[in-house]
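Step one of this worksheet: look at the structure below.
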Amino acid sequence: MTNTMYATLGFLAATAAGAWAWRRRHPRSYWYAVAFPLRAARVYLTWRHVSYGCTLTRRRRAWRLSLEAVPGLRTASAVIHERRRVRRVDIDRAPRLGLLRPTALGWRVRIHLHDGQLPDDYAKVAERLAHAWRVHAVRVVDSKPGVVTLLATMRDPLSEVDIAPETGELLTVRPGRLENGRDWVIDFRTVPHWLNAGATQSGKSNLANAIIKGLAPQPVAIVGFDLKGGVEFTPYAPRLSALARTRTECVALLDDLVDVLTGRMRICREAGARNVWKLPEHARPVPIVVLVDEVAELFLMADKSEKDEIAKTATALLRVAQLGRAFAVYLIVCGQRIGSDLGPGVTALRSQLSGRICHRVNDPETANMTSAIWTPTPSTRHAPSPPRHPASPSSPDKTAPGTAPAPST
Ligand SMILES: Nc1ncnc2c1ncn2[C@@H]1O[C@H](COP(=O)(O)OP(=O)(O)O)[C@@H](O)[C@H]1O
Ligand SMILES: [Mg+2]
Numbered sequence: 001m002t003n004t005m006y007a008t009l010g011f012l013a014a015t016a017a018g019a020w021a022w023r024r025r026h027p028r029s030y031w032y033a034v035a036f037p038l039r040a041a042r043v044y045l046t047w048r049h050v051s052y053g054c055t056l057t058r059r060r061r062a063w064r065l066s067l068e069a070v071p072g073l074r075t076a077s078a079v080i081h082e083r084r085r086v087r088r089v090d091i092d093r094a095p096r097l098g099l100l101r102p103t104a105l106g107w108r109v110r111i112h113l114h115d116g117q118l119p120d121d122y123a124k125v126a127e128r129l130a131h132a133w134r135v136h137a138v139r140v141v142d143s144k145p146g147v148v149t150l151l152a153t154m155r156d157p158l159s160e161v162d163i164a165p166e167t168g169e170l171l172t173v174r175p176g177r178l179e180n181g182r183d184w185v186i187d188f189r190t191v192p193h194w195l196n197a198g199a200t201q202s203g204k205s206n207l208a209n210a211i212i213k214g215l216a217p218q219p220v221a222i223v224g225f226d227l228k229g230g231v232e233f234t235p236y237a238p239r240l241s242a243l244a245r246t247r248t249e250c251v252a253l254l255d256d257l258v259d260v261l262t263g264r265m266r267i268c269r270e271a272g273a274r275n276v277w278k279l280p281e282h283a284r285p286v287p288i289v290v291l292v293d294e295v296a297e298l299f300l301m302a303d304k305s306e307k308d309e310i311a312k313t314a315t316a317l318l319r320v321a322q323l324g325r326a327f328a329v330y331l332i333v334c335g336q337r338i339g340s341d342l343g344p345g346v347t348a349l350r351s352q353l354s355g356r357i358c359h360r361v362n363d364p365e366t367a368n369m370t371s372a373i374w375t376p377t378p379s380t381r382h383a384p385s386p387p388r389h390p391a392s393p394s395s396p397d398k399t400a401p402g403t404a405p406a407p408s409t
């Protein structure tokens with residue numbers, strides 16, 4: 001008897017030690033083989049209670065076989081009459097839970113909506129679901145008519161971000177990661193112009209650095225406008241095709257860019273192409289990515305004599321934004337606040353910048369202003385926290401975590 005007990009205890013201890021070692025040495029296989037099936041079983045077994053607690057159930061009337069008296073539930077002295085009856089009763093029906101599919105960080109699951117429910121109803125209770133499932137976060141990541149897909153993540157994928165911005169694909173960079181664990185990829189051919197807004201020290205220039213690093217190995221011309229006296233982009237000067245540090249230099253460089261655009265327009269017109277990508281490969285000009293750091297400096301007017309220069313700059317920048325897409329000139333505009341208060345032409349410029357990145361800001365108006373034209377898509381609508389990009393190697397001190405932004409739509 002004692003021997004059997006010792007053997008059982010020994011077996012249990014060995015199993016626990018083995019599981020612990022497996023989990024430590026190979027967490028990925030442990031997750032898929034052991035932890036996920038246990039989690040999935042728990043989710044299915046508790047789904048009725050969880051959905052009731054999260055107010056996702058619907059009250060329905062259903063036929064049920066009821067027992068008037070069940071043996072064992074009454075006192076011993078009571079006379080037990082077992083009478084079965086079929087009755088219509090009110091029941092709370094949970095929404096139908098689909099198959100839980102494991103991911104590296106958690107799982108995805110489809111849920112069939114009850115009549116009258118919206119994906120938003122699930123987004124609203126996502127935090128409750130996260131607590132009930134004991135996970136870091138639950139997000140609505142997709143929705144189709146009648147079906148919503150939830151993504152549960154066990155830990156915060158942004159707590160440690162260590163990825164390289166280089167993707168190996170033309171005009172594509174990977175400056176960070178999204179809160180669902182996926183890479184955050186900027187593809188200039190899909191979204192040509194970007195607005196990168198945030199308070200000072202929020203990580204704007206750091207993101208610009210990461211973008212330069214990602215683009216550096218590609219056959220792409222990079223042009224910098226560094227209105228902070230060149231402190232951000234000067235280390236990259238050997239890779240940059242042009243760098244303007246003062247407003248006078250900026251005006252000249254913008255004029256050059258407009259000339260380049262005009263030249264590309266002519267080439268396309270003569271070749272009968274609607275944009276440079278329709279040209280034969282040998283005739284296709286090199287794409288240009290233009291980075292503007294501290295854009296407000298371009299619009300600041302110290303005295304009236306600068307008015308014309310500022311108007312010229314604003315017009316040239318707007319022209320680059322308007323014509324750039326078709327002629328492979330892409331714009332990234334960084335600034336603390338890019339609103340009409342900067343001067344005429346700023347709102348027109350902002351409306352051309354359809355990619356929006358909002359870092360930490362000091363007031364909600366700036367955040368609203370930054371994300372004003374971003375139209376949520378089902379897959380990004382409920383992204384509550386910003387993606388984060390790793391500190392770029394050029395950044396001298398890497399103390400504060402860099403945040404970036406609204407999803408890359
Ligand atoms: N992704 C990041 N990871 C770690 N630290 C970062 C990150 N982004 C920014 N930082 C830190 O924040 C500081 C300010 O960033 P910076 O890009 O210069 O801000 P901004 O241009 O908005 O004023 C940087 O010096 C760096 O230490
Ligand atoms: Mg900066």
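Sequential numbering from 1 applies to the sequence shown in full-length UniProt numbering. Ideal Cβ positions, reconstructed from N, Cα and C, are used throughout, including at glycine. It should be emphasised that the depicted structure is a prediction, and the values quoted were computed from it without experimental measurement.
Heavy atom of ligand 1 within 7 Å of residue i beta-carbon
i, result
"His26", "no"
"Gly335", "no"
"Gln201", "yes"
"Asn362", "no"
"Asn206", "yes"
"Gly198", "yes"
"His359", "yes"
Check: residue i C-beta below 7 Å from any heavy atom of ligand 2
i, result
"Asp293", "yes"
"residue 478", "The requested residue 478 is not part of the displayed model; the chain covers only 1 to 409."
"Glu232", "yes"
"Lys228", "yes"
Which listed residue (the options) has its alpha carbon closest to that of residue i
i, options, result
"Val329", "Trp20, Ala311, Pro285 and Ala296", "Pro285"
"Ile332", "Gly10, Leu170, His112 and Gly224", "Gly224"
"Gly345", "Ala311, Pro287 and Gly106", "Ala311"
"Arg110", "Arg101, Asp187, Thr57 and Gly116", "Arg101"
"Pro364", "Thr347, Ser351, Ala197 and Ala273", "Ala197"
"Ala242", "Gly324, Val292 and His359", "Val292"
"Lys204", "Gln336, Asp256, Trp184 and Thr347", "Gln336"
"Thr190", "Ser354, Tyr236, Ala367 and Thr2", "Ser354"
"Glu294", "Phe233, Ala35, Arg85 and Ser305", "Phe233"
"Leu298", "Glu179, Thr313, Pro287 and Val290", "Thr313"
"Leu65", "His49, His112, Val89 and Arg58", "Val89"
"Ala316", "Pro192, Thr262, Ala367 and Asn206", "Thr262"
"Pro165", "Pro27, Asn209 and Gln352", "Asn209"
"Leu254", "Tyr236, Asp226 and Ala237", "Asp226"
"Met265", "Trp22, Ala7 and Phe327", "Phe327"
"Trp133", "Leu151, Leu118, Glu309 and Asp121", "Leu151"
"Gln117", "Val135, Leu129, Leu342 and Ala94", "Ala94"
"Cys358", "Val140, Thr200, Leu279 and Ala19", "Thr200"
"Asp183", "Asn3, Ala16, Asn368 and Val161", "Val161"
"Ser202", "Ala21, His193, Asn362 and Arg25", "Asn362"
"Arg239", "Arg48, Thr246 and Ile222", "Ile222"
"Leu300", "Pro287, Asp156, Ser340 and Ile267", "Ser340"
"Trp107", "Arg96, Arg128, Asp120 and His136", "His136"
"His112", "Val147, Ala271 and Val290", "Val147"
"Glu309", "Gly343, Ser159 and Leu12", "Gly343"
Bounding residues of the beta strand (DSSP E) (the contiguous stretch that carries residue i)
i, result
"Asp183", "Asp183 to Asp187"
"Ile357", "Gly355 to Cys358"
Limits of the alpha helix (DSSP H) - the one that residue i falls within
i, result
"Asp255", "Arg247 to Ala271"
"Tyr6", "Thr2 to Arg25"
"Leu151", "Premise fails: Leu151 lies in the beta strand (DSSP E), Val147 to Thr153, not in any alpha helix (DSSP H)."
"Tyr44", "Phe36 to Gly53"
"Val320", "Lys307 to Gly324"
"Val346", "Val346 to Gln352"
"Pro238", "No alpha helix (DSSP H) holds Pro238; DSSP gives it neither H nor E."
"Glu160", "Counting along the chain, Glu160 falls outside any alpha helix (DSSP H), and DSSP gives it neither H nor E."
"Ser340", "No alpha helix (DSSP H) holds Ser340; DSSP gives it neither H nor E."
"Glu365", "Pro364 to Ser371"
"Leu298", "Ala296 to Phe299"
Cross-strand partners of residue i (DSSP beta bridge)
i, result
"Ile222", "Val289"
"Glu166", "Val173"
"Tyr330", "Val289"
"Val89", "Ala62"
"residue 414", "The structure shown does not extend to residue 414, since the chain is modelled only from 1 through 409, so no value can be given for it."
"Gly335", "Ala197"
"Leu97", "Ile111"
"Pro102", "Trp107"
Note down, one range per segment and in chain order, each alpha helix (DSSP H) of at least 4 residues found wholly within the stretch 104 to 144. Counting only runs of 4 or more, we get 119 to 124 and 126 to 133.
Contiguous alpha helix (DSSP H) assignments of at least 4 residues, all confined to the stretch 169 to 218: Counting whole runs of 4 or more residues, the stretch 169 to 218 contains the alpha helix (DSSP H) stretches 204 to 215.
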